[in-house]
Every structure is written in structure tokens, then in C-alpha cells.
């Protein structure tokens, strides 16, 4: 007698999401072990700060690109690499949780390359807006702009679904409203930086990119333009 197929009660994460998480987890493990002096190299305690300096995103890069014409591999690379380095363990954990939860949901509807396009497109857009609007010497680091881009894609999916059900589409923006409210409360209570600008920009880019990255999205967008 053959056994019935085993069905997992938990759907696995999309492979592209797992790859993003793996890079972040490995990096954070190395930095945390180095900071705790478990690794045998004395310089390991400073690896996190060194990585932020070498791979974080500086707002000055946008001025270099737009106004000075200084374009090189190092500057372009930082638009991508800053997402995989975090200032501390807690930030890395929350970033990974956001990516796992939202990436799983979005990955069930979007194609794998579209999920990557949302994440990196939002990370690039968030970094660009951060550098364009702020003259901050604090380097941008962490997965949140890209993760907020996935929140933007999640919001777009809900927005379309509510429209098809004839319900109020503003309800789709409830999650981002709650998250920004929490950020505001923490900033008022404990102080904070202005990196939330990159997060909001990441959300906007993720939402807008979803119009064309969703399966059939480009055709739908063209059809709406023609109707208008």
C-alpha cells in the first residue's frame, strides 16, 4: 500500500527570498560573533563598522552622480550592498522577519525575478531619495528600504483585491500607517534618525513598481491608460 503524499502545513519561502535572507543571516552571524570576541581574530570586533564604511550608502554619492559626474563601480555597488549590512543584531532580526513574511506573500503572486526587482528597485530608490533630500554624513545600512518595498507590493495586492470586491481601497494602506505610527512613537520617546525617509521612499517605489511587475501588470497598465 502506497503512502499518501506528505503535505507540509507551512508553505516554503520562495527561493529568491531565501537567498536574500541567507546573505543577511551569514553577514550578521559573522559580525555578531566578531563583536562577542568568539572569533580568534582581534580585528573581528570592528568588522561591522568596517563593513558599513566599505559597503554602506552615503548620501554624498547622489551628489557625485548627479552634479559631479563621478560614476564608478564602488558608488554603484553601494546601492545594492547596503541592504545586507545592519547596524546591530536587533535591526537585522526585524529586517529578516519583514522580508520573510512579506516576501513569502508577494512571492506567491509575483514571479521570482519580480520579487527581486521590487526589493532592489525599492532599495535603490530609497537610497537615492535619502541622498537627494538629506545632507547626512550617516551612512544608510540595513534591509528596511527594500523590505518596505515589499510592503508596498503587499499593499498593491490588497489594493487591487479590495477594488475587485468593491470595498474601500484605503484599507490596503493600514499596515504602512501602523508601521509609520510606531516609528513616530519610538522617535518621540527615544529619539531617532531621519533614515525613515529611505523607508517611506522604498514603500512608494515598491507600490509603483508593482503596477508593472505583477503578472500581466504591464498589459493592465496600458489598458487603463488607453481607457483614460
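In our numbering, the protein residues as written are 4 to 231.
The C-beta atom is built at its ideal place from N, Cα and C for all residues, glycine as well.
Determine the extent of the alpha helix (DSSP H) in which residue 81 is found, giving its start and end residues.
From DSSP, the alpha helix (DSSP H) with residue 81 extends over 76 to 84.
Can you name the start and end residues of the alpha helix (DSSP H) that residue 206 belongs to?
First-last of the alpha helix (DSSP H) with residue 206: 199 to 216.
Once DSSP output is grouped into helix, strand and coil, what is the label at residue 143?
Residue state for residue 143 is assigned as strand, using DSSP reduced to three classes.
If you run the structure through DSSP and keep just helix, strand and coil, what is residue 60?
The three-state reading of DSSP puts residue 60 in strand, counting E and B together.
Residue 113 - DSSP class collapsed to helix/strand/coil
Reduced to three states, the DSSP call for residue 113 is coil.
Got a sec, what are the start and stop residues for the alpha helix (DSSP H) residue 18 sits in?
Segment 18 to 38, the alpha helix (DSSP H) holding residue 18.
Does the segment 203 to 212 come close enough to the segment 146 to 160 that 3 or more CB-CB pairs lie under 8 Å?
Touching, yes, given that three or more Cβ pairs across the two stretches are closer than 8 Å.
Which class does residue 50 belong to by DSSP, given the choice of helix, strand or coil?
Reduced to three states, the DSSP call for residue 50 is helix.
Measuring straight from C-alpha to C-alpha, what distance separates residue 62 and residue 168?
So the two alpha carbons sit approximately 43 Å from each other.
Under 7 Å Cβ to Cβ from residue 108, same chain only, skipping five residues before and after it: list those, please.
These residues qualify, in order along the chain: 157.
Measure the beta-carbon distance from residue 54 to residue 132 and round it to whole angstroms, keeping in mind my assumption that it falls under 8 Å.
About 23 Å; that fails the 8 Å criterion.
In three-state DSSP terms, what is residue 177?
Three-state DSSP puts residue 177 in a helix.
Among 33, 69 and 32, nearest to residue 1 - alpha-carbon criterion:
Nothing can be reported for residue 1: it is not among the residues displayed for the chain, which extend from 4 to 231.
Keeping to the same chain, check which residues put their C-beta closer than 6 Å to that of residue 11; ignore five residues upstream and five downstream.
Low confidence applies here, because residue 11 scores a pLDDT of 44, under 50, leaving its location unreliable and the question unanswered by this model.
So, for residue 166: in the same chain, excluding its five sequence neighbours on each side, which residues have a beta-carbon less than 6 Å away from its beta-carbon?
Excluding positions up to five away in sequence, the list reads 172.
Taking only three categories from DSSP, how would you classify residue 88?
DSSP places residue 88 in coil when its eight states are reduced to three.
Identify whether residue 15 lies in helix, strand or coil by the three-state DSSP scheme.
Secondary structure at residue 15: coil, using DSSP grouped into helix, strand and coil.
If you draw a straight line from the C-alpha of residue 181 to the C-alpha of residue 44, how long is it?
Whole-angstrom Cα-Cα distance: 43 Å.
Select from 17, 197, 42 and 216 the residue whose C-alpha is nearest the C-alpha of residue 104.
It is 17 whose Cα lies nearest to the Cα of residue 104.
On the three-state DSSP scale, how would you describe residue 154?
Taken through DSSP and simplified to helix, strand or coil, residue 154 comes out as helix.
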